[in-house]
Structure formats: C-alpha cells, structure tokens
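> In this note's numbering, the protein residues as written are 15 to 458.
All C-beta atoms in this analysis are idealised placements derived from N, C-alpha and C, irrespective of residue type, glycine included.
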C-alpha cells in the first residue's frame with residue numbers, strides 16, 4: 015500500500031529533478047539557429063565587405079579633394095620669405111677728398127610676406143572647377159556601376175549554387191532509379207531471364223551519372239568559393255542559401271517603355287554623358303589658353319639699404335600688377351584645340367554606341383525571358399509525360415514485358431525532363447535580373 019509519506023518523497027524527488035533539468039532546457043532553447051542567407055542579405059554583405067567597392071569609395075574622396083584643389087585658384091596664395099645677401103663691391107662716392115659715401119651695404123637683409131592672386135583669367139578657373147566636379151560625378155557613378163556589377167555577379171552565383179544543388183539532387187534521383195533497375199536486372203539475370211548485356215548497360219549508365227555528379231560537385235565548389243570571396247563569408251561558415259525557382263512567368267513587358275526606362279536610368283549612359291560634358295569643358299579650357307592673364311601681388315616686410323642710414327632695418331611695402339599675353343607657343347595651343355575637338359566627337363560617338371547597346375540589351379533580354387517562359391510551360395508537360403512513362407516502364411520491366419534498355423532509356427528521359435524544367439526556371443530567374451540590370455532598375 016502506498017503511504018502518504020512515500021507520495022511526499024516521490025513528489026519531492028520529481029520536483030527536484032524538474033528544477034535541475036529546467037536550466038538546461040532553457041539554455042538549449044536559447045541557442046540561436048543558423049539563419050538562412052537570402053539574396054538581399056548576400057548583396058548587403060558584398061556592399062559591406064568587398065574591397066573593390068571600398069576602393070571606388072576612396073576614389074570619390076580623391077575626386078572631392080581635386081574639386082577643393084581647383085577652387086584654391088580663387089584664393090590668394092600667401093608666402094613668407096627671408097634672405098641674406100653679401101655684396102662686394104658696392105657703390106660708393108667721395109666728395110672733395112673726404113670719406114667715401116656708401117650707397118648700399120655689404121650685408122643685405124630681407125624678410126617679407128607676399129600675397130599673390132589671379133585677378134582675371136577669362137573663366138579658366140571656372141572651367142577647371144566644373145571639370146573637377148564632373149570628375150566627382152563620374153567617380154560616384156563608377157561606384158554605382160561597381161555595386162551593380164558585383165551585385166549581378168552575386169545573383170549569378172547565388173542562383174547558380176541553388177541550381178547546381180538541385181541538379182545534384184536530380185542526378186542522385188537518377189542514380190537511385192538506376193540502382194533499383196540494376197537490382198531488378200540482377201534478380202532477372204540470376205533467374206535466367208536477363209543477359210549480361212542488361213547488367214553492363216545499367217552499370218555504364220550509373221558510372222556516367224556518377225561522373226556527371228563529380229563535375230557538378232566541382233562546379234558547385236568553385237561557385238561557393240567565388241561566392242565567399244564576394245561576400246566575405248568565412249570558409250568554416252555554412253552556406254545555407256534561401257531561395258527557389260518557383261516562379262510565375264509574366265507576359266506584361268512593354269518593350270518601348272522598358273527601352274525608355276533604360277535610356278534614362280542606365281549608369282553606362284550617365285557615365286557617357288558625363289564624359290561628353292568633361293570633353294566639352296576641356297575643349298573650352300583649351301580655347302582660353304591663348305587669352306591674357308592678369309595677376310596681382312602685394313608684399314610687406316623689412317629690409318635695409320635705404321638712405322640716409324643704409325644699415326638700418328626698415329619696413330617696406332610693394333604692390334604689383336602683371337599682365338601676361340601668350341604670343342607664340344610652338345603650335346602647342348592649336349594642337350591642343352585639335353585634340354580636344356576630336357575628344358568631344360569621340361565622346362559623342364561613344365554615347366551613341368552606348369545608347370544602341372542599351373536598346374539591344376533590353377530587346378535581347380526580353381526575348382530570352384520570353385523563351386525561358388515558354389520552355390517552363392513545355393517542360394512542365396514534358397516532366398508529367400516522362401514521369402508517367404517511367405512508371406509504366408518500371409511496371410512493364412518488373413513483369414517481363416520490357417527490356418532493361420527500355421527501362422534505362424525511360425529513366426534517362428525522365429531525369430532529362432526534370433533537368434530541362436530546372437534549367438528553364440533557372441534561366442527565367444536569371445533573365446528577370448538581367449532585365450532589371452538592362453533597364454537600370456535598382457536591385458542591389
């Protein structure tokens with residue numbers, strides 16, 4: 015009979031065990047699971063860690079410094095100088111046989127502060143500043159272009175890894191089906207209902223599938239290494255990518271609207287426009303090289319050598335206005351004008367070529383997207399038919415109504431249909447991002 019005392023002891027032991035076990039359960043429950051890596055997170059890692067983007071950011075800082083340097087021409091340049099000069103002989107004169115009068119000392123001292131400034135240069139400084147500002151815009155657009163290209167590489171590697179992993183699953187599924195067919199062929203061979211040819215044919219198919227798996231594993235490893243290099247993910251961290259090829263094709267793409275969007279937003283076109291502006295500014299600057307420049311300076315300091323006491327250090331001030339007119343430069347200015355005009359024409363042609371390339375990119379990507387969409391539709395039907403044919407072939411083979419070669423061909427057709435469907439989905443996803451890249455849509 016169970017007494018009250020025994021029940022109390024049992025309850026106490028159970029409560030103690032529960033209390034001791036509770037902290038372990040709490041700690042185990044609080045361990046953070048490895049979060050899956052989405053495409054957005056991967057692109058963010060690339061923007062944060064990639065050295066090429068950091069280098070492009072530093073180039074913007076350098077361009078800003080060049081702007082500040084060009085604006086310094088609007089400010090006076092102030093310098094301090096000092097010197098000592100010993101002269102011999104010096105000018106002197108005597109009157110009536112008396113002591114000679116010295117007009118300058120042997121020891122000459124001079125110290126002064128001088129401010130020099132350009133008073134008139136007919137817009138040269140303004141052109142230089144505008145040219146530097148254009149260089150800054152070019153550096154900023156180059157950074158955006160680098161971000162886009164690295165993000166595009168990340169998209170390719172991200173979905174490429176997913177595709178290769180899915181492809182490996184298809185190959186594993188095919189090897190599993192071939193192993194099952196080999197098992198059936200072995201049983202039939204042992205029963206005298208199959209020939210060695212049936213066994214060898216199946217083994218050859220299995221070996222070929224394993225070779226394909228080795229190639230896929232190598233390609234997967236290479237893609238993962240490049241992906242880690244771009245994102246900065248350590249080698250010991252797993253790549254748990256979160257993404258799929260479950261997409262729904264769209265057919266509401268308007269070519270004219272997408273081309274207009276691309277001509278407005280593509281970074282390459284913005285860069286070509288800035289390059290054309292820079293070439294025109296350079297031409298304007300070269301045209302002004304033959305114009306006069308007016309500079310002025312003022313200095314204040316101390317020196318000796320003034321009468322009546324040439325040894326006394328005295329304050330002095332000087333002001334100067336200087337006009338410089340280039341007359342002949344050895345045909346340098348005319349050559350620079352020809353060069354700048356040619357560079358303007360070249361920049362215009364490059365911009366035209368970029369516009370044509372942008373239009374071609376959009377048209378080509380739209381066609382590729384439409385092709386991938388149609389392949390997805392046809393491959394889905396192909397997979398359903400191949401799966402049904404494979405089921406019938408297995409049943410017929412088990413009942414002795416089909417040969418091993420028929421079964422192998424059917425299994426291979428089924429695996430190929432699944433692979434075609436996967437490739438179509440992969441191509442559609444990549445072409446979707448290719449269209450965003452072609453139209454200048456921000457996806458990074």
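#1: State the CB to CB distance for the pair residue 244 and residue 164, rounded to an integer number of angstroms; the pair is presumed to be in contact (CB under 8 Å).
#2: Express the C-alpha separation of residue 53 and residue 214 in angstroms, rounding to a whole number.
#3: Would you call residue 60 buried or exposed, if buried means 16 or more other Cβ atoms sit within 10 Å of its Cβ?
#4: Can residue 396 and residue 434 be called in contact, C-beta distance under 8 Å?
#5: Which of helix, strand or coil does DSSP assign to residue 91?
#6: Would you report the Cα separation of residue 466 and residue 400, rounded to the nearest angstrom?
#7: Please report the Cβ distance between residue 145 and residue 296, rounded to the nearest whole angstrom; I am assuming they are in contact, meaning their Cβ atoms lie under 8 Å.
#8: Measuring alpha carbon to alpha carbon, tell me which of 160, 338, 121 ends up nearest residue 305.
#9: Keeping to the same chain, check which residues put their C-beta closer than 6 Å to that of residue 446; ignore five residues upstream and five downstream.
#10: Is residue 226 helix, strand or coil when you go by DSSP?
#11: From the DSSP secondary-structure annotation, give me the bridge partner or partners of residue 100.
#12: Grab me the residues of residue 108's own chain with a C-beta within less than 8 Å of its C-beta, minus the 5 sequence neighbours each way, in chain order.
#13: Could you tell me the boundaries of the alpha helix (DSSP H) in which residue 338 lies?
#14: Taking its Cβ as the centre, do 16 or more other Cβ atoms sit within 10 Å of residue 178, making it buried, or is it exposed?
#15: Whole angstroms are fine: how far does the CA of residue 257 sit from the CA of residue 10?
#16: According to DSSP, which residues form a beta bridge with residue 126?
#17: Cβ of residue 128 within 8 Å of Cβ of residue 95?
#18: With distances taken Cα to Cα, identify the nearest neighbour of residue 212 among 261, 219, 199, 205.
#19: When the distance is taken between beta carbons, is residue 275 closer than 8 Å to residue 454?
#20: Taking Cβ to Cβ, would you say residue 77 is nearer than 8 Å to residue 150?
To lay it out plainly:
#1: The C-beta separation of residue 244 from residue 164 comes to about 6 Å, placing the pair in contact by the 8 Å criterion.
#2: Distance between the alpha carbons of residue 214 and residue 53 is about 45 Å.
#3: Flag for residue 60 reads buried.
#4: Between residue 396 and residue 434, the CB-CB gap stays under 8 Å.
#5: The three-state reading of DSSP puts residue 91 in strand, counting E and B together.
#6: This structure cannot settle anything about residue 466, because the visible part of the chain is limited to 15 through 458.
#7: About 6 Å separates the two Cβ atoms, so the contact holds.
#8: In this structure, 338 is the residue among 160, 338, 121 with its C-alpha nearest to the C-alpha of residue 305.
#9: Shown here for residue 446: not one same chain residue has a beta carbon closer than 6 Å to its own, the five before and five after excluded.
#10: Here residue 226 sits in helix by DSSP.
#11: Assignment of beta-bridge partners to residue 100 by DSSP yields 121.
#12: Around residue 108, the same chain offers 114, 115 as residues with beta carbons nearer than 8 Å, after the five sequence neighbours per side are excluded.
#13: Premise fails: residue 338 lies in the beta strand (DSSP E), 328-338, not in any alpha helix (DSSP H).
#14: Buried: at least 16 other Cβ atoms inside 10 Å.
#15: There is no way to answer for residue 10, as the model of the chain reaches only from 15 to 458.
#16: Among the bridge pairs identified by DSSP, residue 126 is matched with 95, 315.
#17: Taking 8 Å as the Cβ cut-off, residue 128 and residue 95 qualify as a contacting pair.
#18: Minimum Cα distance to residue 212 is reached at 199.
#19: Yes, Cβ-Cβ distance for residue 454 and residue 275 is below 8 Å.
#20: Yes; because the gap between Cβ atoms is below 8 Å, this pair is in contact.
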